[in-house]
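First comes the structure, then the notes that go with it.
There are 2 protein chains.
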Amino acid sequence: MHAEIVSIGTEILMGEIVDTNSGYLAAELAKIGIDVRWVTKVGDDPERLHEVIERGWNRSDVTITTGGLGPTSDDLTRESIARVMGEEMIVQDDLLANLKSQFEGRGVPMPATNIKQATLIESAEVVLNPMGTAPGWWVNRGDRVIIAMPGPPRELSRMWDNELAPKLRSMNPEVAIVTRTLKTFGISEGGLDEMLSPLFKSENPSLGIYSKQDGIHLRAIATATTEVEAREMITPMEQEIRRIAGHAIWGLDDETAVTRAIDALKQAEKTLGIIEGFTAGLLTSSLNEAQGYSDVLAGSLVASNPAGLQRFGMPQEVSDDWNSPTPATAETLARTAQKFFDSQVGVGITGLVAEATEASGRVGTAHMAFAVGDQVTSRSGSYPTQRLRIRSRAVTHALLELMAALNPSN
Amino acid sequence: MHAEIVSIGTEILMGEIVDTNSGYLAAELAKIGIDVRWVTKVGDDPERLHEVIERGWNRSDVTITTGGLGPTSDDLTRESIARVMGEEMIVQDDLLANLKSQFEGRGVPMPATNIKQATLIESAEVVLNPMGTAPGWWVNRGDRVIIAMPGPPRELSRMWDNELAPKLRSMNPEVAIVTRTLKTFGISEGGLDEMLSPLFKSENPSLGIYSKQDGIHLRAIATATTEVEAREMITPMEQEIRRIAGHAIWGLDDETAVTRAIDALKQAEKTLGIIEGFTAGLLTSSLNEAQGYSDVLAGSLVASNPAGLQRFGMPQEVSDDWNSPTPATAETLARTAQKFFDSQVGVGITGLVAEATEASGRVGTAHMAFAVGDQVTSRSGSYPTQRLRIRSRAVTHALLELMAALNPSN
Chain Y
447 MHAEIVSIGT EILMGEIVDT NSGYLAAELA KIGIDVRWVT KVGDDPERLH
497 EVIERGWNRS DVTITTGGLG PTSDDLTRES IARVMGEEMI VQDDLLANLK
547 SQFEGRGVPM PATNIKQATL IESAEVVLNP MGTAPGWWVN RGDRVIIAMP
597 GPPRELSRMW DNELAPKLRS MNPEVAIVTR TLKTFGISEG GLDEMLSPLF
647 KSENPSLGIY SKQDGIHLRA IATATTEVEA REMITPMEQE IRRIAGHAIW
697 GLDDETAVTR AIDALKQAEK TLGIIEGFTA GLLTSSLNEA QGYSDVLAGS
747 LVASNPAGLQ RFGMPQEVSD DWNSPTPATA ETLARTAQKF FDSQVGVGIT
797 GLVAEATEAS GRVGTAHMAF AVGDQVTSRS GSYPTQRLRI RSRAVTHALL
847 ELMAALNPSN
Chain F
447 MHAEIVSIGT EILMGEIVDT NSGYLAAELA KIGIDVRWVT KVGDDPERLH
497 EVIERGWNRS DVTITTGGLG PTSDDLTRES IARVMGEEMI VQDDLLANLK
547 SQFEGRGVPM PATNIKQATL IESAEVVLNP MGTAPGWWVN RGDRVIIAMP
597 GPPRELSRMW DNELAPKLRS MNPEVAIVTR TLKTFGISEG GLDEMLSPLF
647 KSENPSLGIY SKQDGIHLRA IATATTEVEA REMITPMEQE IRRIAGHAIW
697 GLDDETAVTR AIDALKQAEK TLGIIEGFTA GLLTSSLNEA QGYSDVLAGS
747 LVASNPAGLQ RFGMPQEVSD DWNSPTPATA ETLARTAQKF FDSQVGVGIT
797 GLVAEATEAS GRVGTAHMAF AVGDQVTSRS GSYPTQRLRI RSRAVTHALL
847 ELMAALNPSN
């Protein structure tokens, strides 16, 4: 089975709203064995919208629209689908009663324009939307389907999980797809590609390699008739990857550098103090991503210029070396963090962003150090990228190195 | 003139790489009077890619492709355009010499597969790419154009600015479009809509209203034959908006809450100390966005749990109230920040994220206070949104309120 996605709205087309829905749906469809062939963004123009939906109906098993289900005259998804199907939109009493009671619950009268949110065409069933006023449509004729979903990501993902994923999966019952992502750090893409080259020739499971901010990801995908079978097909490939490159693997699937670092601290039962120089709070604020981070974070200090650092227990040389920091500067920051926050682990990170040059753009250099008990280790990295990304690269690097410093055996 | 954008690559189609190029190009094209009608994402499949580019060629004045210009067998943009145009790809000696010298400069031999990056078809001219190995193509027959651009945003935006924007503008010389964005905070979208309702009826300049994280934006767009003329058309509308809602305007065009807050500190010649509770460094790290922020930031402390706060000069009640913070807590943090960092301005921000409920999702409440000299003011806000966005909403609110606290006359 194959699908296409139509993202509707002039603000989406013009990039004023970033369309995260189509990427989310493409990944979700892949998990249930439905291949996405096209994504089209189209504005709130009745002719062009009609044309795009008609093309989807003609060429794709499943066409999923997102957006354009609001109450205004710009919201034309229902009208366009009805026109493609050659059917009339008819007000449904139960939907209307439900809609009215939603407005009553908020203490406001229902505007007349909302009535179209209570309509269906003959080929359509309603898809419940517990998070909003616009129900979705499931339109089915023959073996083709058009699905209309609301644009707000919170409404869309709930509707997908509760209603649409199970329904589409039951149309495609003989296909189960399992993916396994192994995240590595410290080996180049070319290096991994060479080390694992025989595995890339396998077709099912297949193996893909992706360069990401947090290292190189390896993703195995297996297709079978059941999930258990697909999982069993992946196991030997995962074992082989671990045998060859296991030392470089730091995380699996949805794990991130942040969640792994916080987990490592929790497992080690250690608290963390941080002093940040040029990353200016970015390392600390990234920890937000992991729930419960505040149980292990003792505190963090951002030192953004060399004045008055002695107040926080830093020796004079940290101020002296402020504009040409070294690994030793980071080590001093890490030890100072440990003392200042009375924590078992101290992290210090500092660095510089070089002025941009025409040829190379900007290059950032970071020094980072990890004080765990009496031991201090340091690492340095340099990141040739845009100004605003240098710091986030350095932060990811620091989180991965923190994990390694907490588990020196790995 | 109207255009369409084709974003090429299976990773783009599947949402593994977020396609920022199409939104960027749509906004840039609008500025030079070219209307974008469709954006299509398509994978690295030769048949589907051919079909999408052929449809663009048949229906749009300008078709812009992004991506698929790399050296591998998956990079099929050139081949697809050549097939649509019915022309042969021919290696260009000057392009090949240039490509080889780029590899020599890096000290590596040029792989044979890169040769296709040195080809053109008869209808194509080369578009220089100083940031990468893949030049673009400008393909022109009759009054239609296909433009092939590289996928990396850094290469694409440079190529747009230097080469393509001037070239397209010269095809559309009689149209100049000027936009003016006025950014407001503190009045609801509905309220502004009502206050300014006569202005929304104007067609040229037109006025749009957009709800954003940093408040409500008003955008006036004027179309004329020269830029000066378009600018003159906007002036009276801007004056009228300022007369009615001027007190709510905090920024213009590309200004952000961060750049305005840092500018306000620089103008006031004041330094800033920060203590963050639940935002955990997000306020501080956001300042990174403004160059030279470290000249005004004396330092920042993240206090993530109530233990040991006395060490930093906080009274016992801050710890006692940690799980039910009040505006008074924020005021104490602001005064403590001022003292702790010996700065003229102290900002304290704290708050809580409520547990999610089925009906309302999560709600976050923030308290923020601003100590400027001897004066302390506080503000509170609550933000019903996703867990990871509550803190960024609170940070934007704090930056806008900081600006107001520094300019109490506004």
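The listed protein sequences correspond, in order, to chains Y and F.
Residue 447 is where the first sequence starts when you use my numbering, and the numbers rise one by one after that.
Residue 447 is where the second sequence starts when you use my numbering, and the numbers rise one by one after that.
We put the CB at the ideal spot given by N, CA and C, even for glycine.
Keep in mind that this is a model prediction, so the values were computed, not measured.
Within the same chain, show all residues whose beta-carbon is closer than 7 Å to that of residue i, passing over the 5 residues directly before and after it, in chain order.
i: L495/F; result: I454, V488, L522, S526
i: L743/F; result: L718, L733
i: W484/Y; result: E450
i: N586/F; result: S569
i: L541/Y; result: A564, V572, P581
i: S750/Y; result: A726
i: A676/Y; result: A622, I623, V624, A668, T669, A670
i: G759/F; result: T782, K785, F786
i: G516/F; result: A580
i: N618/Y; result: M447, I478, G479, I480
i: S616/F; result: none
At which residues does the alpha helix (DSSP H) containing residue i begin and terminate?
i: I478/Y; result: Note, I478/Y: premise wrong, no alpha helix (DSSP H); not H, not E.
i: G697/Y; result: Counting along the chain, G697/Y falls outside any alpha helix (DSSP H), though it belongs to the beta strand (DSSP E) covering 695 to 698.
i: L653/F; result: Premise fails: L653/F lies in the beta strand (DSSP E), 652 to 658, not in any alpha helix (DSSP H).
i: G636/Y; result: 635 to 641
i: S603/F; result: 599 to 605
i: T523/F; result: 523 to 531
i: I687/F; result: 673 to 691
So, are the CB atoms of residue i and residue j less than 8 Å apart?
i: L852/Y; j: A703/Y; result: no
i: E450/Y; j: T512/Y; result: no
i: G654/F; j: K629/F; result: no
i: V793/Y; j: A783/Y; result: yes
i: T772/F; j: V764/F; result: no
i: A707/Y; j: L845/Y; result: yes
i: W584/Y; j: R524/Y; result: no
i: E673/Y; j: V621/Y; result: no
i: K518/F; j: T559/F; result: The displayed chain sequence assigns Thr, not Lys, to residue 518/F. Closer than 8 Å, so yes.
i: M595/F; j: K562/F; result: no
i: V464/Y; j: G502/Y; result: no
i: L645/F; j: E609/F; result: no
i: D700/Y; j: R626/Y; result: no
i: L574/F; j: N467/F; result: no
Following the continuous beta strand (DSSP E) through residue i, name the residue where it begins and the one where it ends.
i: A666/Y; result: 661 to 670
i: V573/F; result: 570 to 573
i: E722/Y; result: 718 to 722
i: M595/F; result: 590 to 595
i: S746/Y; result: 743 to 748
i: V624/Y; result: 622 to 630
What residues in its chain sit with their C-beta under 6 Å from that of residue i, if we drop five residues either side in the sequence?
i: N856/Y; result: Here the model assigns N856/Y a pLDDT of 49, short of 50, so the residue's position is not dependable, and the following value carries that caveat. Excluding positions up to five away in sequence, the list is empty.
i: G632/Y; result: A694
i: Y829/F; result: G810, I836, R839
i: G514/Y; result: I454, D521, L522, T523
i: S746/Y; result: I720, T730
i: A817/Y; result: A780, R781, Q784, G792
i: A528/Y; result: M535, I567
Tell me, please, which residues DSSP counts as bridged to residue i.
i: V488/Y; result: I454/Y, W484/F
i: K546/F; result: DSSP output for K546/F lists no bridge partner at all.
i: A824/Y; result: The sequence shown places Ser at residue 824/Y, rather than the Ala named in the question. A815/Y, per the DSSP bridge assignment.
i: G810/Y; result: V799/Y, Y829/Y
i: R587/F; result: R590/F
i: I536/F; result: L566/F
i: G582/F; result: V573/F
Report, in whole angstroms, the separation of the C-beta atoms of residue i and residue j, which I expect to be a contact under 8 Å.
i: N650/Y; j: M683/Y; result: Between M683/Y and N650/Y the Cβ distance is about 10 Å, and since that is not below 8 Å, they are no contact.
i: G723/Y; j: I795/Y; result: 6 Å
i: M531/F; j: K546/F; result: M531/F to K546/F, Cβ: 27 Å. No contact.
i: A611/Y; j: G461/F; result: About 16 Å; that fails the 8 Å criterion.
i: D788/F; j: G754/Y; result: 6 Å
Got a sec? Which residues, its chain only, sit under 8 Å from residue i by beta carbon, not counting five neighbours each side?
i: Q538/Y; result: A564, T565, L566, V572
i: H448/F; result: I480, D481, V482, R483, S506, D507, V508
i: M641/F; result: I633, I690, A691
TODO: Please list the residues of the segment 745 to 758 of chain Y that have a C-beta atom closer than 9 Å to any C-beta atom in chain A, keeping them in chain order.
DONE: Here chain A cannot be found, since the structure's protein chains are Y and F.
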